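K.L.:
Residue numbers (the numbering used here): 660 to 804.
#1: To the nearest angstrom, how far is the alpha carbon of residue 715 from that of residue 706?
#2: Comparing C-alpha positions only, which one of 722, 726, 675 sits nearest to residue 695?
#3: For residue 717 versus residue 699, is the C-beta distance shorter than 8 Å?
#4: If residue 688 sits next to residue 737, beta carbons under 8 Å apart, how far is it from one beta carbon to the other, in whole angstroms?
#5: Residue 711 to residue 728, Cα distance in whole Å?
#6: Got a sec? Which residues, its chain only, sit under 7 Å from residue 726 by beta carbon, not counting five neighbours each side?
#7: Nearest by alpha-carbon distance to residue 734: which of 745, 690, 680 is it?
#8: Name the two residues that bound the continuous beta strand (DSSP E) containing residue 701.
#9: Classify residue 741 as helix, strand or coil using the three-state DSSP reduction.
#10: Work out the CA separation of residue 686 and residue 743 for me, nearest whole Å.
And the structure:
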């Protein structure tokens with residue numbers, strides 16, 4: 660993201676709205692607790708597995724809910740997050756095909772296997788790095804209005 664965009668209030672609000680407060684990633688299958696807070700379904704299931712006495716506390720407001728409750732899927736939020744994710748994947752695919760200068764100037768990545776330099780970091784072009792993908796998605800996705 661450009662420095663001006665990343666610091667804009669609109670971008671920060673949009674990013675916060677589309678980010679699960681538990682996993683800090685773009686929502687995947689967002690569901691709504693009775694208190695009105697959204698979380699990824701896998702995150703809710705993980706919280707449910709750690710719940711005490713059949714009660715689950717909302718990570719946002721700490722309100723207690725029955726862990727056996729059926730949570731409502733937030734279809735609108737799911738559609739927006741999926742659209743942003745698809746757009747990001749399409750942009751990364753286009754960039755990896757067309758930006759040969761980026762491939763030539765490889766970046767060293769903490770998640771890729773070690774290269775011959777012995778510095779413990781392997782070469783990475785970002786677009787093809789499966790291990791770093793969650794980190795790249797979170798840090799490089801540009802949300803447009």
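We treat Cβ as the ideally placed atom computed from N, Cα and C, and that holds for glycine.
Predicted model, so just to flag it, every value in this text is computed and none were measured.
P.N.:
On the basis of the data shown:
#1: Rounded to the nearest whole angstrom, the CA to CA distance from residue 715 to residue 706 is 7 Å.
#2: Closest by C-alpha distance to residue 695, out of 722, 726, 675, is 722.
#3: The Cβ-Cβ distance between residue 717 and residue 699 does not fall below 8 Å.
#4: About 6 Å separates the two Cβ atoms, so the contact holds.
#5: Spanning the two alpha carbons is a distance of roughly 14 Å.
#6: Hits under 7 Å: 707, 710, 713, 714, 715.
#7: Checking every option, the nearest Cα to that of residue 734 belongs to 690.
#8: Where residue 701 is concerned, there is no enclosing beta strand (DSSP E), although the alpha helix (DSSP H) it sits in stretches over 700 to 708.
#9: Helix at residue 741.
#10: Roughly 10 Å between the two C-alpha positions.
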